Amino acid sequence: MHNGKKWLGVLLWAPSLVWAHTGSHPVAGFFSGFSHPLSGIDHLLAMVAVGLWAGLVGGRATWRLPLAFVAALVAGFVTAIAGLGLPAPETGVQLSLLVLGLLLAFAVRFPETVAIAMVALFGLFHGHVHGLEVVSPQLAVSYGAGMALMSTVLHGVGVVLARVALTGRLPGEASAVRFAGVAVAAVGALLLTA
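Under our numbering, the first residue of the sequence shown carries the number 59, and numbering increases by one thereafter.
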């Protein structure tokens, strides 16, 4: 019984390990924005998951999905800086992880327009949440540019990993992408229930 209590404590504490939006991240320009996607696993996982899914869908979606996400990320960032509200942005971020994870876990391939609309919606929420963290409007442009650039890099990492997995040269590569989807979905579910 003692072990059960210990694991319950770990599960209750775990969401703080994956949460990037604590309000304690210094917003100090380009390099701060560039490093921010690496400081919280929720943003990191979403960026890589978008890239993985883009790589799995293939074709023009390989670059169009990441482009749609980053464009919407910037739009969401600008809406937050401008003081325009977005309903439940944190929930949108959490749902993005759950949905992207499930899409990967089940290797879902939607028509490209549907996939673009989905990732753009997720990008809007991610950008908005990060825009809410900016205290100084003077730093917003450089911070946002750094964040958008690192997000693009992380999308690229996901695309490359997916393309390598699809070559099938090493046993278990494709199933590794599906397992990554399960892990991303689990983090999203954990955050939604925390």
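The beta-carbon is built from N, C-alpha and C at its ideal position, and this holds for glycine as well. Remember, it's a predicted structure, so these values are computed and weren't measured experimentally.
Let me confirm a value: residue i is counted as buried when at least 16 other C-beta atoms fall within 10 Å, else exposed. Which label applies?
i: serine 154; result: buried
i: valine 302; result: With the chain running from 59 to 252 in the structure shown, residue 302 is simply not present.
i: valine 172; result: exposed
i: phenylalanine 237; result: exposed
i: glycine 143; result: exposed
i: histidine 60; result: Reliability of the predicted coordinates at histidine 60 is poor, the pLDDT of 46 falling under 50, and no value is obtained from them.
i: proline 169; result: exposed
i: tryptophan 121; result: exposed
i: valine 242; result: buried
Does DSSP put residue i in a helix, a strand or coil?
i: arginine 118; result: coil
i: serine 93; result: helix
i: proline 169; result: coil
i: proline 145; result: coil
i: phenylalanine 58; result: A question about residue 58 goes unanswered here, because the residues of the chain that appear run from 59 up to 252.
i: valine 108; result: helix
i: serine 194; result: coil
i: alanine 203; result: helix
i: alanine 238; result: helix
i: glycine 87; result: coil
i: phenylalanine 164; result: coil
i: alanine 140; result: coil
Please state if the CB of residue j and the CB of residue i are separated by a distance shorter than 8 Å.
i: alanine 247; j: leucine 156; result: yes
i: glycine 91; j: glycine 202; result: yes
i: glycine 134; j: leucine 182; result: yes
i: phenylalanine 89; j: phenylalanine 127; result: no
i: valine 245; j: leucine 158; result: no
i: valine 105; j: leucine 212; result: The sequence shown places methionine at residue 105, rather than the valine named in the question. Yes; because the gap between Cβ atoms is below 8 Å, this pair is in contact.
i: valine 217; j: histidine 184; result: no
i: methionine 205; j: proline 95; result: yes
i: threonine 137; j: histidine 101; result: no
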